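Trainee: I am attaching a structure below and will ask some questions about it afterwards.
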Amino acid sequence: MHQIIHTGNKPFPCAECKKNFTNLSSLKTHQMTHKEKKSFPCTEYTKNFTQLSHLKLHQKSHIGEKLFSCIECNKSFTRLSNLKYHQRIHTGDKCFQCTECSKRFTHRSALKTHQMLHSLFNSKKSPNDHIGDNHFCVLSVIKIHLAFKSKIHQNTHTGEKPFICTECNKSFTHLAALKTHQVIHTGDKPFLCTECNKGFTWFSSLKLHQKIHKGDKPFICKECNKSFTWLSNLKRHQMIHMADKLFACTECNKSFTWLSQLKLHQKTHTGEKLFQCRECSKSFTRLSTLKTHQMIHTGDKPFLCTECNKSFTWLSSLKIHQKTHMVRR
Numbered sequence: 109m110h111q112i113i114h115t116g117n118k119p120f121p122c123a124e125c126k127k128n129f130t131n132l133s134s135l136k137t138h139q140m141t142h143k144e145k146k147s148f149p150c151t152e153y154t155k156n157f158t159q160l161s162h163l164k165l166h167q168k169s170h171i172g173e174k175l176f177s178c179i180e181c182n183k184s185f186t187r188l189s190n191l192k193y194h195q196r197i198h199t200g201d202k203c204f205q206c207t208e209c210s211k212r213f214t215h216r217s218a219l220k221t222h223q224m225l226h227s228l229f230n231s232k233k234s235p236n237d238h239i240g241d242n243h244f245c246v247l248s249v250i251k252i253h254l255a256f257k258s259k260i261h262q263n264t265h266t267g268e269k270p271f272i273c274t275e276c277n278k279s280f281t282h283l284a285a286l287k288t289h290q291v292i293h294t295g296d297k298p299f300l301c302t303e304c305n306k307g308f309t310w311f312s313s314l315k316l317h318q319k320i321h322k323g324d325k326p327f328i329c330k331e332c333n334k335s336f337t338w339l340s341n342l343k344r345h346q347m348i349h350m351a352d353k354l355f356a357c358t359e360c361n362k363s364f365t366w367l368s369q370l371k372l373h374q375k376t377h378t379g380e381k382l383f384q385c386r387e388c389s390k391s392f393t394r395l396s397t398l399k400t401h402q403m404i405h406t407g408d409k410p411f412l413c414t415e416c417n418k419s420f421t422w423l424s425s426l427k428i429h430q431k432t433h434m435v436r437r
C-alpha cells in the first residue's frame, strides 16, 4: 500500500466527481464533501463543516489566533492558505496570466478584475447597458480597480513597505522599486552607451552619461558664464566666486575654499606624512608630491623641450633648461 505513494497510482475513484485517490481513507474523507449533511456546526456562526479539522480551523477566525507568520515581514494569519497567498507579495510570483494581453498577476482575483475590463472594452454595449447584467457590473469593476490602485498609493502615506530585499533587508513600498534596487546586488548593467560601451545599472544613469558625448552643458555659472555638464560641478565651481574663503587655518590664517584643501594644508604644520614611497620608504605630506618623487625610480620624463626634444622628470627642470635656449638667442 505504501509503495503506491511513490508510483503515483490512484486506484480509488470517487463515484460522484471521478477524482482519484491513492488510498481508501483519503477517498472516504473526500466523499464527505459530497454529502448534503454537514456534521460539524460552528457555535459562533451558522456555518457547517464536513470535517472537524475544518471547523477547528474556522473557529480560529473567531478567537483571532494567528499561528501562521510570514518570515519576510512577520505578518500573521489564521490560515496557511492566507499566508501562502500573502507571500506572493514578497516573491513577486505572477502565476495568473491574461489570455487577452498576456499580462500576469500575483492573485487570481486581480486577474479576474483585469479580465472584466477587457470584457467591457471589447463589448459593443455601452457601459450603461452593462449595469443591469447579473454577471457583470461595470461600476463594481471600476471600484475594485480603483481600490487596488488606491491601496498601492496609500502605502506612500502610511509608510507600509511590504517588499523586502533578501540581500540587505531594505524595504520598499512598491515591487517595482524593490526590483530596481536589487540590481545593485546583482551587479547587472544592462544599459550600454553606444559611444563607449560603458554599462549602467539604470537607464537614467545612461542618459546622464550620454551628455558627456553630446557635449551638453546646460548648467551655466552666472558669474563667469562657464558651463558644466553636471549641476554638482557647477555648485563646486561657484564656491570659487565666493568673496570669503570659508575654511581658515588656525596656525597661519591662510584660508581655503574647500575643507579638503584645509586638511591637506594643515599637514604641513603637523609634519604628518602619510604617503610613503615603496622604493625608498621616503614619506611625503601630499600624494602629488609622492607621485612626482616616484618618477626618480620609474625614470619617467614626461616634460619635453620643444626646441631640442630633451625630456625631463619635472616641469621645473624643463623651465630651467628652456632658459638656456633663450640665452643663445
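Residue numbering for the sequence shown follows this note's numbering, starting at 109 and increasing by one per position.
Beta carbons are placed, not taken as given, at the ideal position from N, Cα and C, and that holds for glycine.
From a predicted model like this one, the values you see are computed outputs, not experimental measurements.
Do the stretch 273-287 and the stretch 296-306 make contact, defined as three or more Cβ pairs closer than 8 angstroms?
Mentor: Flag = no, the stretch 273-287 and the stretch 296-306 do not touch.
Trainee: Classify Gln159 as helix, strand or coil using the three-state DSSP reduction.
Mentor: Coil.
Trainee: Residues in its own chain within less than 6 angstroms of Ala356 by CB, not counting five upstream and five downstream?
Mentor: Ser363, listed in sequence order.
Trainee: Just verifying my parser: in three-state terms, what is the DSSP assignment at Pro235?
Mentor: With a pLDDT of 46 at Pro235, under the threshold of 50, the predicted position of this residue should be treated as unreliable, and no value is reported.
Trainee: Taking the Cβ atom as the reference point for each residue, do Leu191 and Cys178 lie within a distance shorter than 8 angstroms?
Mentor: Going by C-beta atoms, Leu191 is nearer than 8 angstroms to Cys178.
Trainee: Are the CB atoms of Leu395 and Phe411 nearer to each other than 8 angstroms?
Mentor: No.
Trainee: Thinking C-beta only, is Thr393 closer than 8 angstroms to Asp408?
Mentor: Contact: no.
Trainee: Taking the alpha helix (DSSP H) that Arg436 falls in, what are its first and last residues?
Mentor: Where Arg436 is concerned, the enclosing alpha helix (DSSP H) stretches over 423-436.
Trainee: Please classify Ala356: does DSSP put it in a helix, a strand, or coil?
Mentor: Correct three-state label for Ala356: strand.
Trainee: Whole angstroms is fine: what's the gap from Lys233's alpha carbon to Ser217's?
Mentor: Reliability fails at Lys233, whose pLDDT of 48 lies under 50, so the model's placement of it is uncertain and the value that follows must be treated cautiously. Spanning the two alpha carbons is a distance of roughly 24 angstroms.
Trainee: Spell out the partners DSSP gives Pro121 in its beta bridges.
Mentor: Answer is Asn128, bridged to Pro121.
Trainee: Give every residue of the same chain whose Cβ lies closer than 6 angstroms to the Cβ of Thr309, excluding the five residues on either side of it in the sequence, and list them in chain order.
Mentor: Hits under 6 angstroms: Val291, Lys297.
Trainee: In its own chain, which residues sit with a C-beta less than 6 angstroms from the C-beta of Pro121, not counting the 5 before and 5 after it?
Mentor: If we look at Pro121 and ignore the five residues flanking it on each side, its Cβ neighbours are Asn128.
Trainee: Please report the distance separating the alpha-carbon of Ser312 from that of His222.
Mentor: Distance between the alpha carbons of Ser312 and His222: 31 angstroms.
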